[in-house]
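Residue numbers (my numbering), protein chains in the order written: chain V, 415 to 812; chain U, 415 to 812.
For every residue, glycine included, the Cβ atom is placed at its ideal position computed from N, Cα and C.
Owing to the predicted nature of the structure, the values given are computational and were not obtained by experimental measurement.
Here's the structure we're looking at; comments come further down.
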């Protein structure tokens, strides 16, 4: 069903939707146009782009006989799920960027795609403009995958960059990020790692063929990072980066986590700055690959959306080949690893149940430990760590 | 013609061919096996891999009825051309890594593919394991392409890294690269930029839809770099990198060059070290993308070859969409730009015909100029620059 012309039914007209509208005007070769746009606030949008037809009736767009592809770019994950499934059931191919919805519903969406023989593409959902899903699907899928990790959230990376590069105070960096519109209305999505978590769930499925519910993955952000932590990183000539991490162990287990990490200067990710995302993909034969690009923003993300639209024109669909692999790795949190923990009260240390302690520092204004903990334990006590404002970061020995 | 099983007729059994053989053993899911191998020295190879069938008769492999795909991995560009065209004429799809052959013959090979309706894939030919051609074809092809540039040769980058990172002497770095097998038997291919040139020609076709004969592109390497040049770069807190550069100007011209460049610390490419390749791709909407990976070596390159083999299994072929664009850019060398030139004799300066000179330094042991020259002039006097052992590097004002 190679389509000569793509007629888009668009849901949402925020930064990315508007970016797509502008991009399509610049690229007539794409042979795609927006036929109808569904928005919540009809009043607000209908004045903006005069040549577009707006509605607030989702069914009207889904049932529009001129529409042959749905692009879903709204914030609300539940509403997005309704739209995407309704479209697929009508055998309308869908392009979406909704990572939260995907991370929650991927298994059923994969099933529905297959049942309806209709494509759902979502490269814009993970790392904005970086074609990471497409490459995991199409290029790295024949090698023995070892790990996928990286900076999956642009806002928190922007803040960390301002602190470590420009010597900005933590509070000021946060304010600047807010001013520039880099933070979500609910900033905990970015700063506590939830946004990175959703992307990690999606990437893990494509890299290792395994779906893991977001709730099972230890996720901890940079909200409780203080100046003492920043000083520690500087002394060690490292930088904190918020890292999503998926790795297959030699004994066939799949370890997943989202948390800050002390990155040394010789790592690719050390130099991935500002609002950029950076992903390091490792395979047995191809070795190490590093992909960097803008992880957010209307224009970069709309370019990724258009790449997916164009792929659908050529009948492209994800094959999820890894899911059919003979020996899928098994998700596990049972691994010990080296961490830096800045704590406030001695009872915090009991909570963490260190396997070993390598380094310990106590002064009147700061206390920290470098030691070995179990990831499963961290997952169990996540809430308490946050309540006690403990800061924790992976601190690999390299 | 989605193939259930790929039966490979392999030409060449060097590092990459052997890497492919090992990789296929590890990945049964690839559903591919090597049926017959054509080598020059039958004696040498037949003992190495006991389960493989070797021959020195090319026609035998091409006419083997069990073979349904040809993988061409030999050094000799002329012989490779014969094999690739003979295979395509037999409607046998081909995977090749021969950049020199491709850079010379791409237009006719594109025509032949179309005539025979048979795929020719070659992602391994440019930047080893980095999927740069595939991404230019499939992902970045809907945006307005601005530039593609980067480190396209691993050996010269290894040498420059040893000098700038490890403080190694130029001569020692060269010796180490030779010891580790990073230099071609003819090292001028790497050091004088010819290898980068061939890759640039291939990438340019996929990024901008324009084929430019290698001879028309100014190409200058690092052979004449001296300690004085290295000192200059260090003083300016920059590093020399050998860069292949393709850029579309706002007035629709296509500027191409391969030459050293003084890279400042804030650039992605500054941190691309050792034998890694790194490519920066810029588009109007997606912004800046940076892809890094091993640019050479049997294993990384064989992984790229297997990705192409697998793509052929799914009927993938390059569409060369950019070539059908309405306004193709026109190749031009007529551009002025800022360079650093270390010279030996005052007459060298007349040769270069500087438009402007910004900086000039003369001492008993070194002489250099920072000024503005025309790329077309450099192209005209390339031979003389080399004869006079002049070192020249782009020196952007950033």
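(message) If you reduce the DSSP assignment to three classes, tell me which class residue 595 of chain U lands in.
(response) coil
(message) Buried or exposed, going by whether 16 or more other CB atoms sit within 10 Å of the CB of residue 540 of chain V?
(response) buried
(message) I believe residue 549 of chain V touches residue 720 of chain U by the beta-carbon criterion, under 8 Å. Please report the beta-carbon distance rounded to the nearest angstrom.
(response) Their Cβ separation, rounded to whole angstroms, is 14 Å, which puts residue 549 of chain V and residue 720 of chain U out of contact at 8 Å.
(message) Give me the chain U residues within the contact set of residue 708 of chain V, using Cβ-Cβ distance strictly less than 9 Å, ordered along the chain.
(response) 700, 701, 702, 703
(request) Consult DSSP for residue 360 of chain V and reduce its assignment to one of helix, strand or coil. (result) Since the first and last residues shown for chain V are 415 and 812, residue 360 of chain V lies out of range.
(request) State the start and end residues of the unbroken beta strand (DSSP E) segment that holds residue 648 of chain U. (result) Here residue 648 of chain U belongs to no beta strand (DSSP E); instead the alpha helix (DSSP H) covers 641–649.
(request) Give the interface partners of residue 512 of chain U over in chain V, defined as CB-CB distance under 8 Å, in chain order. (result) By Cβ distance, chain V contributes nothing, its closest Cβ being about 19 Å from residue 512 of chain U, past 8 Å.
(request) Report yes or no: do three or more beta-carbon pairs, one from the segment 427–444 of chain U and one from the segment 655–666 of chain V, lie closer than 8 Å? (result) Too few Cβ pairs lie closer than 8 Å, so no.
(message) How far does the beta strand (DSSP E) with residue 703 of chain U in it extend, from its first residue to its last?
(response) 701–708
(message) For a test of the three-state rule: what should DSSP assign to residue 777 of chain V, helix, strand or coil?
(response) coil
(message) Checking the sheet assignment: what are the DSSP bridge partners for residue 676 of chain U?
(response) U:654
(message) Would you say residue 551 of chain U lies against chain V (beta-carbon separation less than 8 Å)?
(response) no
(request) Apply the 10 Å Cβ neighbour rule to residue 733 of chain U and answer buried if 16 or more other Cβ atoms are within range, or exposed otherwise. (result) exposed
(request) Could you round the C-beta distance between residue 469 of chain U and residue 450 of chain U to whole angstroms and report it? I think they count as a contact, below 8 Å. (result) 6 Å
(request) Kindly indicate which residue of V:571, V:565, V:486, V:552 has the alpha-carbon position closest to the one of residue 704 of chain V. (result) V:565
(request) Pull up the distance between the alpha-carbon of residue 694 of chain V and that of residue 758 of chain U, whole angstroms please. (result) 45 Å
(message) Distance cutoff 8 Å, beta carbons only. Does residue 430 of chain V sit that close to anything in chain U?
(response) Not one chain U Cβ lies under 8 Å of residue 430 of chain V.
(message) Is it buried or exposed, residue 696 of chain V, if we count other Cβ atoms within 10 angstroms and call 16 or more buried?
(response) buried
(request) With DSSP as the reference, label residue 671 of chain V as helix, strand or coil. (result) strand
(message) Please classify residue 380 of chain V as buried or exposed, where buried requires at least 16 neighbouring CB atoms within 10 angstroms.
(response) Lying before the first or after the last residue shown, residue 380 of chain V is absent from chain V, which here runs from 415 to 812.
(request) Out of V:558, V:437, V:471, V:473, state which residue places its alpha-carbon closest to the alpha-carbon of residue 739 of chain V. (result) Taking the Cα of residue 739 of chain V as reference, the smallest distance to any Cα among V:558, V:437, V:471, V:473 is reached at V:558.
(request) Flag residue 787 of chain V as yes if its beta-carbon sits less than 8 Å from any beta-carbon of chain U, otherwise no. (result) no
(request) Measure the Cβ-Cβ separation of residue 646 of chain U and residue 754 of chain U and say whether it is below 8 Å. (result) yes
(message) Check for me: the alpha helix (DSSP H) holding residue 498 of chain U runs from which residue to which?
(response) Residue 498 of chain U -> alpha helix (DSSP H) spans 491–503.
(request) Whole angstroms is fine: what's the gap from residue 569 of chain V's alpha carbon to residue 761 of chain V's? (result) 33 Å
(request) Run through the segment 570–634 of chain U for me and flag every whole alpha helix (DSSP H) of 4 or more residues, listed as ranges in chain order. (result) Counting only runs of 4 or more, we get 584–593, 602–605, 608–622.
(request) Please say whether residue 534 of chain V and residue 508 of chain V have beta carbons closer to each other than 8 Å? (result) yes
(message) Please return the same chain residues whose Cβ sits closer than 6 Å to the Cβ of residue 731 of chain V, not counting the five positions on each side in sequence.
(response) 533
(request) Determine the direct distance from the alpha carbon of residue 477 of chain U to that of residue 685 of chain V, and round the result to whole angstroms. (result) Residue 477 of chain U has its alpha-carbon roughly 52 Å from the corresponding atom of residue 685 of chain V.
(request) Could you work out which residue in U:660, U:505, U:800 is closest to residue 610 of chain U when comparing CA atoms only? (result) U:660
(request) Enumerate in chain order the residues of its own chain whose CB-to-CB distance from residue 742 of chain U is below 6 Å, with the five nearest sequence positions on each side excluded. (result) 623, 624
(message) Can you tell me whether residue 454 of chain U is helix, strand or coil according to DSSP?
(response) coil
(message) For residue 722 of chain U, count the other beta carbons within 10 Å of its own beta carbon; 16 or more makes it buried, fewer makes it exposed. Which is it?
(response) buried
(request) Please classify residue 415 of chain V: does DSSP put it in a helix, a strand, or coil? (result) Interpretation of residue 415 of chain V is limited by its pLDDT of 42, a score under 50 that renders its predicted location unreliable; the figure taken from the coordinates is listed afterwards. Coil at residue 415 of chain V, not helix or strand.
(message) Output needed in chain order: residues of the segment 494–519 of chain U with a Cβ under 9 Å from some Cβ in chain V.
(response) none
(request) Indicate, with yes or no, if the ligand NAP has a heavy atom lying under 7 Å from the CB of residue 476 of chain U. (result) Although the ligand NAP was asked about, the structure shown includes no ligands whatsoever.
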